[in-house]
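Mapping of the first sequence onto full-length UniProt numbering: residues 1 to 563, in sequence order. To start, the structure itself, in structure tokens.
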Amino acid sequence: MIRDILKNAIKEAILNLSLETDDIHLEHPSDFAYGDYSTNIAMSLAKQTGRNTKDLAREIVNKILEKKIKEIEKVEIAGGGFINFYLSREFFTQNIKEILKSGEKWGSGNFLKNQKTIIEYTDPNPFKEFHIGHLMSNTIGESISRIIEFSGAEVKRANYQGDVGLHVAKAIWALQRSQHRGSTSVLTRSEVLGNAYAEGVLAYERDEKAKKEIKEINKKIYDKSDDKINLLYENGRKISLERFEEIYKKLETKFDYYFFESETGPLGKELAEKNTGKVFEKSDGAIIFRGKKVGLHTRVFVNSEGLPTYEAKDLALAKIKSERYDYEKSIVITASEQKEYYKVILEAMKQIYPELAKKTKHISHGMLRLPSGKMSSRSGVVITGESLINEVKTRILDKMKNSALADKESVAEQIAVGAIKYSILKQSAGKDIVFDFEKSLSFEGDSGPYLQYASARASSVLERARRQDIKSDIKKATTDTIELEKLLYRFPEIVKRASDEFEPHYITTYSTELAGAFNSFYAMEKIVEESEKAPYKIALTEAFKITIKNGLWLLGIKAPENM
RNA sequence: GCCCCUGUAGUUCAACGGAUAGAACAGGAGACUUCUAAUCUCCCGAUAGAGGUUCGAUUCCUCUCGGGGGCACCA
């Protein structure tokens with residue numbers, strides 16, 4: 001990477017001046033007028049050594065220039081002592097060549113080489129709706145998966161689903177009642193399950209008798225002692241899971257492993273019981289972890305009914321995952337409301353499976369909230385993932401009504417999913433998103449369709465070049481370097497950063513900037529023309545298309561050829 | 001009450017301790033006989049408040065004021 005070349009040159013220059021530094025800060029100036037890269041090294045060294053900043057900067061620059069690095073056009077000192085690097089025409093041309101050669105691999109790296117990584121995300125619960133919060137987790141998880149995969153890691157995608165627990169009992173309780181009421185279509189639609197869950201929640205909170213019954217059902221689900229319940233349970237579980245699969249398909253996500261709470265439960269309970277007295281303690285009939293001792297919360301792992309809670313199950317999950325796949329790194333992605341919770345899990349894990357705890361990393365994303373407040377499947381205030389996708393798709397189809405595209409349906413769906421994913425991935429992952437349909441989902445400006453449109457446009461230009469039989473060529477590069485070229489070479493380092501920080505939004509921001517640069521280029525220049533400049537402009541277009549397509553792939557967004 | 005996160009144009013978001021705080025939407029003015037106008041080109045407009053550290057603070061520290069989340073048998 002060009003960045004490393006510059007860093008090394010700076011490092012060497014500093015060593016030659018008998019100075020030392022371990023941290024070379026190199027950044028892209030916000031304004032192209034300040035060059036392509038900039039370092040503040042002279043300012044920080046001047047402070048340490050008590051020397052004059054500009055003198056020191058001059059000496060460093062001279063040392064660097066002595067090396068005659070072909071990628072560097074000129075080096076200037078500006079501002080309070082910044083050293084600004086301007087890359088050479090030769091560098092930009094060679095970069096286009098490299099992009100065309102690398103194709104799908106352009107931007108990929110090897111810094112996580114073969115690191116065995118298991119990454120858990122989405123985690124919807126059977127018997128509950130797949131709502132837009134799950135959409136958010138899935139979008140972020142899938143993007144992070146692709147980013148680290150692109151950085152060389154071996155990635156296994158995992159989905160952990162709560163198929164047992166009180167929430168299931170609540171839904172089953174309501175289903176039983178509606179059966180009594182004579183409803184026959186109970187289990188044909190998954191919405192029914194969502195409604196049943198909401199009904200069960202309400203009853204659990206307001207009706208002591210119902211609460212007792214639900215707890216009883218919960219036990220029976222665990223020990224499978226009641227045939228009628230077993231039947232309702234199996235059917236409901238199956239319908240939920242099938243429904244989830246349909247959504248994963250639309251979202252272009254595919255899991256390698258599925259884990260269920262029904263399988264983590266027994267081990268979780270066993271672990272809690274086995275370690276009672278050491279890691280856990282008994283309190284009011286429950287087995288708890290005294291997180292308070294280390295500044296965390298105290299949490300229940302096995303309740304007084306003798307059933308494992310989510311805590312114990314999550315602990316067991318780490319172990320079960322490692323048995324299924326011998327990972328070097330385990331990433332768990334959840335909403336930020338589980339942040340404190342997960343700290344407790346990690347603390348307990350540290351004491352029981354220290355080697356697994358070391359490998360585990362919890363990443364939390366913000367919460368998707370509605371303008372009216374927190375979304376909650378408990379109260380039935382939810383927007384399902386599917387209804388959102390369909391709603392957006394309808395609007396896009398309306399926009400496309402005059403289009404002659406053959407595969408309108410599938411393109412519209414790609415655009416709908418792209419728009420939704422973009423709106424989730426455009427901001428840093430930790431922050432909440434207030435989801436307002438009109439404001440959050442845009443088809444213009446900063447948006448998924450903006451990127452897809454730029455990509456489709458490039459495709460159309462390239463198609464025209466093919467028809468006119470004008471081949472791309474980098475030999476006759478234009479003399480002045482345009483913004484598009486000044487952005488293209490940055491792609492690999494953007495990917496690296498996104499990978500290091502598990503932050504897809506760097507890719508989103510960069511891709512948008514890049515698409516903007518291409519759109520300007522497109523507006524200013526006729527690309528396919530009878531001119532000796534055409535081959536290079538076509539090469540640029542091709543390089544752009546490769547980059548935006550790879551960028552979109554990292555976001556989990558498809559790049560349609562036409563739209 | 002205790003702990004964690006957060007506060008940037010009217011709105012939704014950027015900014016790896018750096019240079020004139022970037023975009024998009026909304027608002028105003030332009031650009032399609034020319035490769036896709038879901039586009040492009042201008043204009044208008046912001047760091048919650050008060051201290052501190054630093055050559056330099058949206059970024060780090062302290063306090064105040066807003067918003068959110070979590071704190072024992074839900075997940």
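We put the beta carbon where it would ideally sit given N, CA and C, even for glycine.
If you drop the 5 nearest sequence neighbours on each side, which residues of the same chain put their C-beta closer than 6 Å to that of residue i?
{"i": "residue 13", "result": "60, 63 and 64"}
{"i": "residue 413", "result": "393"}
{"i": "residue 166", "result": "218"}
Grouping DSSP H, G and I as helix and E and B as strand, with all else coil, what is residue i?
{"i": "residue 60", "result": "helix"}
{"i": "residue 441", "result": "coil"}
{"i": "residue 290", "result": "coil"}
{"i": "residue 48", "result": "helix"}
{"i": "residue 161", "result": "strand"}
{"i": "residue 186", "result": "With a pLDDT of only 45 at residue 186, under 50, the local geometry of the prediction cannot be trusted, and no value is derived from it."}
{"i": "residue 329", "result": "strand"}
{"i": "residue 85", "result": "strand"}
{"i": "residue 266", "result": "helix"}
{"i": "residue 308", "result": "strand"}
{"i": "residue 416", "result": "helix"}
{"i": "residue 122", "result": "coil"}
{"i": "residue 276", "result": "strand"}
{"i": "residue 30", "result": "coil"}
{"i": "residue 365", "result": "strand"}
{"i": "residue 490", "result": "coil"}
{"i": "residue 518", "result": "helix"}
{"i": "residue 24", "result": "coil"}
{"i": "residue 478", "result": "coil"}
{"i": "residue 450", "result": "helix"}
{"i": "residue 232", "result": "helix"}
{"i": "residue 156", "result": "strand"}
{"i": "residue 357", "result": "helix"}
Can residue i and residue j be called in contact, C-beta distance under 8 Å?
{"i": "residue 57", "j": "residue 77", "result": "yes"}
{"i": "residue 389", "j": "residue 502", "result": "no"}
{"i": "residue 356", "j": "residue 329", "result": "no"}
{"i": "residue 125", "j": "residue 162", "result": "yes"}
{"i": "residue 368", "j": "residue 524", "result": "no"}
{"i": "residue 540", "j": "residue 493", "result": "no"}
{"i": "residue 449", "j": "residue 143", "result": "no"}
{"i": "residue 272", "j": "residue 294", "result": "no"}
{"i": "residue 49", "j": "residue 424", "result": "no"}
{"i": "residue 619", "j": "residue 158", "result": "The displayed coordinates of the chain run from 1 to 563. Any statement about residue 619 would go beyond what the structure contains."}
{"i": "residue 545", "j": "residue 447", "result": "no"}
{"i": "residue 39", "j": "residue 83", "result": "yes"}
{"i": "residue 499", "j": "residue 551", "result": "no"}
Please report the straight-line C-alpha distance between residue i and residue j, rounded to a whole angstrom.
{"i": "residue 466", "j": "residue 549", "result": "19 Å"}
{"i": "residue 31", "j": "residue 483", "result": "11 Å"}
{"i": "residue 312", "j": "residue 97", "result": "54 Å"}
{"i": "residue 267", "j": "residue 223", "result": "15 Å"}
{"i": "residue 217", "j": "residue 208", "result": "14 Å"}
{"i": "residue 428", "j": "residue 507", "result": "11 Å"}
{"i": "residue 24", "j": "residue 249", "result": "44 Å"}
{"i": "residue 418", "j": "residue 440", "result": "13 Å"}
{"i": "residue 526", "j": "residue 520", "result": "11 Å"}
{"i": "residue 100", "j": "residue 33", "result": "28 Å"}
{"i": "residue 487", "j": "residue 121", "result": "32 Å"}
Can you find the residues in the same chain that come closer than 7 Å, C-beta to C-beta, to residue i, ignoring five residues on each side of it along the sequence?
{"i": "residue 324", "result": "257"}
{"i": "residue 384", "result": "129, 130 and 131"}
{"i": "residue 275", "result": "352"}
{"i": "residue 290", "result": "281 and 298"}
{"i": "residue 186", "result": "Model confidence at residue 186 stands at a pLDDT of 45, short of 50, so the residue's coordinates are unreliable and nothing is read from them."}
{"i": "residue 6", "result": "26, 37 and 85"}
{"i": "residue 585", "result": "Given a span of 1 to 563 for the chain in the structure shown, any question on residue 585 remains unanswerable."}
Since I believe residue j is in contact with residue i (beta carbons under 8 Å), could you give me their beta-carbon distance rounded to a whole number of angstroms?
{"i": "residue 627", "j": "residue 315", "result": "Outside the shown range of the chain (1 to 563) lies residue 627, about which nothing can therefore be said."}
{"i": "residue 221", "j": "residue 168", "result": "6 Å"}
{"i": "residue 160", "j": "residue 123", "result": "5 Å"}
{"i": "residue 296", "j": "residue 339", "result": "Contact doesn't hold; Cβ gap of about 11 Å is too wide."}
{"i": "residue 304", "j": "residue 285", "result": "3 Å"}
{"i": "residue 79", "j": "residue 53", "result": "No, residue 79 and residue 53 are not in contact; Cβ-Cβ is about 10 Å, not under 8 Å."}
{"i": "residue 239", "j": "residue 193", "result": "7 Å"}
{"i": "residue 327", "j": "residue 118", "result": "4 Å"}
{"i": "residue 515", "j": "residue 454", "result": "4 Å"}
Cutting at 8 Å between CB atoms, please list the residues of its own chain near residue i, excluding the five before and the five after it.
{"i": "residue 411", "result": "400, 405, 560, 562 and 563"}
{"i": "residue 509", "result": "426"}
{"i": "residue 408", "result": "397 and 400"}
{"i": "residue 89", "result": "73, 477, 479 and 481"}
{"i": "residue 70", "result": "88, 90 and 91"}
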